[in-house]
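**Student:** For the sequence shown, the working numbering assigns the number 28 to the initial residue and increments by one for each residue that follows. Cβ coordinates follow ideal geometry from the N, Cα and C atoms, glycine included. Remember, predicted model here, so these are calculated numbers, not experimental data.
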Amino acid sequence: QVQLVESGGGLVQAGGSLRLSCAASGFIFKTNAMAWYRQAPGKQRGLVALITNDDKTRYADSVKGRFTISRDNAKNTVYLQMNSLNPEDTAVYYCNAPRHGREYFGQGTQVTVSS
Numbered sequence: 028q029v030q031l032v033e034s035g036g037g038l039v040q041a042g043g044s045l046r047l048s049c050a051a052s053g054f055i056f057k058t059n060a061m062a063w064y065r066q067a068p069g070k071q072r073g074l075v076a077l078i079t080n081d082d083k084t085r086y087a088d089s090v091k092g093r094f095t096i097s098r099d100n101a102k103n104t105v106y107l108q109m110n111s112l113n114p115e116d117t118a119v120y121y122c123n124a125p126r127h128g129r130e131y132f133g134q135g136t137q138v139t140v141s142s
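1. Between D82 and S97, what straight-line distance do the alpha-carbon atoms span, to the nearest angstrom?
2. Return the CA-CA distance between A50 and N59, expressed in angstroms with no decimal places.
3. Suppose the cutoff is 8 Å on Cβ atoms and the five residues either side in sequence are ignored; what does the same chain contact list for R46 look like?
4. Grab me the residues of Y86's own chain with a C-beta within less than 6 Å of its C-beta, minus the 5 sequence neighbours each way, in chain order.
5. Go through its chain and collect everything with a Cβ distance to Q66's Cβ below 6 Å, but skip five positions before and after it.
6. Between I55 and T95, what straight-line distance do the alpha-carbon atoms span, to the nearest angstrom?
7. Looking at R126: is its Cβ nearer than 8 Å to the Cβ of V32?
8. For S141 versus L38, is the C-beta spacing smaller than 8 Å?
9. Would Y64 and Y121 qualify as a contact pair, given that the criterion is a beta-carbon distance under 8 Å?
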């Protein structure tokens, strides 16, 4: 079955950086688009970044120029490099794999940015 396991979250000061990782299994990773979502307290989950199977990327306006999504097909892993973090980036970050009309999510990893 599809499994997505996130890691790399934590507490960081404003202006700092973190790199999230998501290890995927249970499907052919290299043929699948992957994405990161986030959900802040009291807000809906929203798309942060997406990468297609041919490495095209898309970002939420709020993270453009600061976050970078990438993938390593040899490791079945997708990454989210987050720079210039600010308190508004505080959220639970979820790895996502859209497959055959269904959305799969990992358990999430907490990112907290202190001011």
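**Tutor:** The relevant details are as follows:
1. Across the structure, D82 and S97 are spaced so that their CA atoms are roughly 8 Å apart.
2. 13 Å
3. Within the same chain, R46 has close Cβ partners G35, Y106, L107, Q108, M109.
4. A76
5. R72, A118, V119
6. 23 Å
7. no
8. Remark: C-beta atoms of S141 and L38 approach each other more closely than 8 Å.
9. Yes, these two residues count as a Cβ contact at 8 Å.
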